[in-house]
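Okay, so here's the structure we're looking at.
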Amino acid sequence: MAKSTKLQIGGWKLVFMLLITWLTPFSGLGNLIFCWHDRHYRRRAIIALAVAVGVGLIPHAVTGGVFGWAASHAFRAAWIGMGVWMTFDAFAVYKLCRGQRSTASGSAAATTTKTKKKKKAKKSAR
Numbered sequence: 055m056a057k058s059t060k061l062q063i064g065g066w067k068l069v070f071m072l073l074i075t076w077l078t079p080f081s082g083l084g085n086l087i088f089c090w091h092d093r094h095y096r097r098r099a100i101i102a103l104a105v106a107v108g109v110g111l112i113p114h115a116v117t118g119g120v121f122g123w124a125a126s127h128a129f130r131a132a133w134i135g136m137g138v139w140m141t142f143d144a145f146a147v148y149k150l151c152r153g154q155r156s157t158a159s160g161s162a163a164a165t166t167t168k169t170k171k172k173k174k175a176k177k178s179a180r
C-alpha cells in the first residue's frame with residue numbers, strides 16, 4: 055500500500071467530489087479519485103462505492119420488478135445514506151486540508167520573520 059501523504063483538496067475539488075457523489079450512482083467515486091493518496095479516506099470511499107453499486111444497481115434491478123416499490127425504496131435509502139456519508143467525508147477532508155494550509159502558511163511566515171531577525175542581529179553584532 056502507498057504511504058499516507060498530505061492531501062490537497064481545495065474548493066473546486068470539493069465541488070467535484072460532491073457533484074460526482076450526488077449526480078452519479080457511484081457515491082464514493084469522487085472521494086476515491088481525489089483522496090487516493092490517503093489510506094484512511096481511500097478505504098472509506100471504496101466501502102461506500104461498493105455498497106452504492108451493490109444496493110444501487112444489482113438488487114434494485116432484480117427486486118424492483120419482483121417485490122415492487124417497497125424494496126426499491128429500501129435500496130434507494132441505502133444509496134442516499136452512502137451519499138450523505140461521502141458528503142460528510144468530503145467536508146472533513148476539505149477542513150483538514152484547509153487547516154493544514156493555514157498552519158503551513160502561519161509557520162512559513164513565522165520562519166521568515168525569525169530568519170530576518172537573526173540576519174539583522176548578526177549584522178548589528180558585526
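In the numbering used here, each residue carries its 1-based index in the sequence shown increased by 54.
Where is the CB? At the ideal position from N, CA and C, for every residue including glycine.
Values in this document were obtained by computation on a predicted structure and should not be read as measured data.
Within the same chain, no residue comes within 7 angstroms of residue 97 by CB-CB distance, once the 5 residues on both sides are set aside.
Under the three-state reduction of DSSP output, residue 111 falls in the coil class, being neither helix nor strand. As the crow flies, the alpha-carbon of residue 77 is around 12 angstroms from that of residue 141.
DSSP places residue 87 inside the alpha helix (DSSP H), whose first and last residues are 83 to 88.
For the pair residue 81 and residue 99, the Cα-to-Cα distance works out to about 8 angstroms. By the criterion of a C-beta distance shorter than 7 angstroms, residue 89 is surrounded in its chain by 61, 95, 96, 99 and 147, once the five residues flanking it on both sides are discounted. Shown here, residue 92 sits in coil according to DSSP, grouped into three states, outside any helix or strand.
A residue is called buried once 16 or more other Cβ atoms fall within 10 Å of its Cβ, and residue 67 is buried on that count. In this structure, residue 103 lies away from residue 73, with their beta-carbon atoms at least 7 angstroms apart. Ranked by Cα distance from residue 110, the first of 136, 87 and 91 is 136. Pairing residue 144 with residue 127, the inter-Cα distance amounts to about 25 angstroms.
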